[in-house]
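Colleague:
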Amino acid sequence: MSGEDGTCPFRSWFDDLDVQAAAKVATAIIRMELGNLSNVKWIGGGLGEYRIDWGPGYRLYLTKEGDQLIILFVGGGKKRQQADIRQAGALLDEYKGRKAEAKKTRN
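Per full-length UniProt numbering, the sequence shown starts with residue 1, numbered consecutively.
1. Have a look at Pro56 and Val19 and give me their C-alpha separation to the nearest angstrom.
2. State buried or exposed for Trp13, treating a residue as buried only when at least 16 other CB atoms are found within 10 Å of its CB.
3. Alpha carbon to alpha carbon, how far is Tyr50 from Thr63? Give it in angstroms, no decimals.
4. I'd like to know if Ala90 contacts chain C, where contact means its C-beta is closer than 7 Å to some C-beta of that chain.
5. Residues in its own chain within less than 7 Å of Gly46 by CB, not counting five upstream and five downstream?
6. So the alpha helix (DSSP H) residue 110 belongs to, where does it begin and stop?
7. Would you mind working out which of Lys96, Thr105, Arg59 sits nearest Ala83, comparing C-alpha positions?
8. Identify every residue that forms a DSSP beta bridge with residue 108.
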């Protein structure tokens, strides 16, 4: 998801991963796209944390929109977990606000 400033925290993080880590993250994303959310722990407010038990303990933060759409917010390791959760929560709030504003504009 891109923020209002046009940046994409997840893309920036993903682009800095080494090849093996990027492959693990890409595999996790494919699994989620196929409906496998078994590694997701829902941590409140509609925010989920997908845990990758490899390397520094990578985490992907996401939300579900209906039954189909999963939006990735940020990724990180175990060391930055609390900061990443706060950032993901802020991005989720921003997304919900923009969505509500767009809905008002359409009506």
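C-beta atoms are modelled at their ideal positions from N, C-alpha and C, and glycine is treated no differently.
These numbers come from a predicted model, not from an experiment.
Modeller: Let me spell this out:
1. Residue numbering aside, residue 56 sits at position 56 when the sequence shown is read from its first letter. Residue numbering aside, residue 19 sits at position 19 when the sequence shown is read from its first letter. In a straight line, the C-alpha of Pro56 is about 15 Å away from that of Val19.
2. As a first step, residue 13 must be located in the sequence shown, where it is residue number 13. By the 10 Å Cβ count, Trp13 comes out buried.
3. Indexing the sequence shown from 1 puts residue 63 at position 63. Indexing the sequence shown from 1 puts residue 50 at position 50. Taking the straight line from one Cα to the other gives about 10 Å.
4. In the structure shown, chain C cannot be found, because there is only a single protein chain.
5. Your numbering for residue 46 matches position 46 in the sequence shown. Excluding positions up to five away in sequence, the list reads Thr63, Leu92.
6. With the chain covering only 1 through 107, there is no way to say anything about residue 110.
7. Numbered from its first residue, the sequence shown carries residue 83 at position 83. When only C-alpha atoms are compared, the closest one is Arg59.
8. With the chain running from 1 to 107 in the structure shown, residue 108 is simply not present.
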